[in-house]
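To start, the structure itself, in structure tokens.
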Amino acid sequence: MKNLLSMTDLSLEDIYGILDLAEEIKEKRSQGKVIDHLRNKSLGMIFEKSSTRTRVSFEVGMKDLGGHVIYLNPNDLQLGRGETIEDTAKVLSRYLSGIAARVYSHDTLIKLADNATVPVINALSNKEHPCQVLADLMTIKEYKNRLCSMKFVWVGDGNNVCNSVMIACAIVGMEMVVACPKGYEPAEEYVAKAKALGGVIKITNDPLQASENADILYTDVWVSMGNESEAEQRRKDFSGFQINEELIAVSKPDVIVMHCLPAHRGFEISAGAIDGPHSVVFDQAENRLHVQKAVLLKLMILDDSSES
Ligand code: CP
Ligand code: NVA
Numbered sequence: 002m003k004n005l006l007s008m009t010d011l012s013l014e015d016i017y018g019i020l021d022l023a024e025e026i027k028e029k030r031s032q033g034k035v036i037d038h039l040r041n042k043s044l045g046m047i048f049e050k051s052s053t054r055t056r057v058s059f060e061v062g063m064k065d066l067g068g069h070v071i072y073l074n075p076n077d078l079q080l081g082r083g084e085t086i087e088d089t090a091k092v093l094s095r096y097l098s099g100i101a102a103r104v105y106s107h108d109t110l111i112k113l114a115d116n117a118t119v120p121v122i123n124a125l126s127n128k129e130h131p132c133q134v135l136a137d138l139m140t141i142k143e144y145k146n147r148l149c150s151m152k153f154v155w156v157g158d159g160n161n162v163c164n165s166v167m168i169a170c171a172i173v174g175m176e177m178v179v180a181c182p183k184g185y186e187p188a189e190e191y192v193a194k195a196k197a198l199g200g201v202i203k204i205t206n207d208p209l210q211a212s213e214n215a216d217i218l219y220t221d222v223w224v225s226m227g228n229e230s231e232a233e234q235r236r237k238d239f240s241g242f243q244i245n246e247e248l249i250a251v252s253k254p255d256v257i258v259m260h261c262l263p264a265h266r267g268f269e270i271s272a273g274a275i276d277g278p279h280s281v282v283f284d285q286a287e288n289r290l291h292v293q294k295a296v297l298l299k300l301m302i303l304d305d306s307s308e309s
């Protein structure tokens, strides 16, 4: 594992390795024990889009591990004046121990990774959000004590987070049902990748039927960053694709309700569902911190050992 651009960069063994380490890190943090193996390491963070969780959890995580972070607004970099991604990657690699980037185009990440000599982490792209989905897997494991043999129901947009979830479910052996309006199905590229990994995926336009016997109900915003111009149309098209008490009622009694956040109560999720007893959304948000520390340790320490 040199970079984390996609869930497809991870094997089943990698996923369990990251989750085991994240659980240990979480436990030690709760006991006030310090793990500072990233002393003198630096992470550059390029954010083309807004962020609360990803930015703060990477900053705190890196600092907790003894390292430091440089937040790089692309408009302040020479990138904003036409310097290429390729040259930027080569230059930043001379200073930094790793780069995390949130980008509009996944191709930007690929160019960064192809030209950087330090690990590159996808902090969200138009295609995937692997750091989020690793935190989601950690949360599912905490609540269900397993990752396989469950029914994961995605309600809403077949978007970047959905793509990463499809790959994750395929790798860990979880059945997935995606309930989305016509025209908002996940990209065929990702459905095919997930199926090639052994994924069992059903795509439907009926959220109520999809939710029957669900172990996990998951949703995300109807309007992702970059889709703002379609907001009005999307709000019409997604009407009815909401996780609410009706869907929870047909799911398993111990169903967990998940959302990567930020959430819009009354749109993709009802207030009762997100603030109710089935919701684990703030555990997901917290686990971003622990799981990303595990990713940073794996990438930066592995990177060092391969050089020596
Ligand atoms: N879930 C998530 O990635 O949140 P931010 O956009 O706040 O980073
Ligand atoms: N699908 C959302 C996720 C936000 C964390 C977006 O891309 O905006």
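Each residue of the sequence shown is one higher than the one before, starting from 2 at the first, in the numbering used here.
Even glycine gets a Cβ: it sits at the ideal position worked out from N, Cα and C.
Who are the near neighbours of residue i in its chain, counting only those whose CB is closer than 6 Å to its CB and skipping five residues on each side?
{"i": "G45", "result": "I71, L73, L93, L97, I100"}
{"i": "H291", "result": "A23, I26, K27"}
{"i": "V156", "result": "A180, P208, T220, F242, I244"}
{"i": "N116", "result": "E87, A90, K91"}
{"i": "K42", "result": "G68, S98, M301"}
Please state whether the Cβ-Cβ distance between residue i and residue j is less than 7 Å.
{"i": "L66", "j": "D37", "result": "yes"}
{"i": "E87", "j": "K112", "result": "yes"}
{"i": "I249", "j": "H260", "result": "no"}
{"i": "D21", "j": "M2", "result": "no"}
{"i": "M301", "j": "D216", "result": "no"}
{"i": "S52", "j": "Q293", "result": "no"}
{"i": "Q285", "j": "T140", "result": "yes"}
{"i": "G273", "j": "Y105", "result": "no"}
{"i": "K203", "j": "V178", "result": "yes"}
{"i": "E176", "j": "V201", "result": "yes"}
Comparing C-alpha positions only, which one of the options sits nearest to residue i?
{"i": "R266", "options": "T55, R40, V222, V256", "result": "V222"}
{"i": "L11", "options": "L262, E213, P131", "result": "P131"}
{"i": "K50", "options": "V258, K42, I302, P75", "result": "P75"}
{"i": "L138", "options": "A124, G174, K183", "result": "G174"}
{"i": "A211", "options": "G68, D238, E247, K3", "result": "E247"}
{"i": "S240", "options": "E190, A90, V224", "result": "V224"}
{"i": "E190", "options": "E129, L39, T55", "result": "E129"}
{"i": "N146", "options": "E60, V178, Y17", "result": "Y17"}
{"i": "S280", "options": "L298, K299, P254", "result": "P254"}
{"i": "K299", "options": "T109, L39, E60, L110", "result": "L39"}
Run the CB neighbour count on residue i, radius 10 Å, all protein chains shown included, and call it buried at 16 or more, exposed below.
{"i": "V35", "result": "exposed"}
{"i": "N288", "result": "buried"}
{"i": "N127", "result": "buried"}
{"i": "N164", "result": "buried"}
{"i": "L218", "result": "buried"}
{"i": "A102", "result": "buried"}
{"i": "T205", "result": "exposed"}
{"i": "G277", "result": "exposed"}
{"i": "T118", "result": "exposed"}
Excluding the 5 residues preceding and the 5 following residue i in the sequence, name in chain order all residues of the same chain whose CB lies nearer than 8 Å to its CB.
{"i": "V296", "result": "L5, I19, I122, C132, L135"}
{"i": "T9", "result": "I168, K194, L198"}
{"i": "E213", "result": "V251, S252"}
{"i": "R236", "result": "W223, V224, F268"}
{"i": "E84", "result": "L78"}
Only counting the same chain, and skipping five residues up and downstream in sequence, which positions put a Cβ closer than 7 Å to that of residue i?
{"i": "A232", "result": "V224"}
>> Quick test of the definition: if touching needs 3 or more C-beta pairs under 8 Å, does the stretch 160 to 168 touch the stretch 185 to 196?
In response: yes
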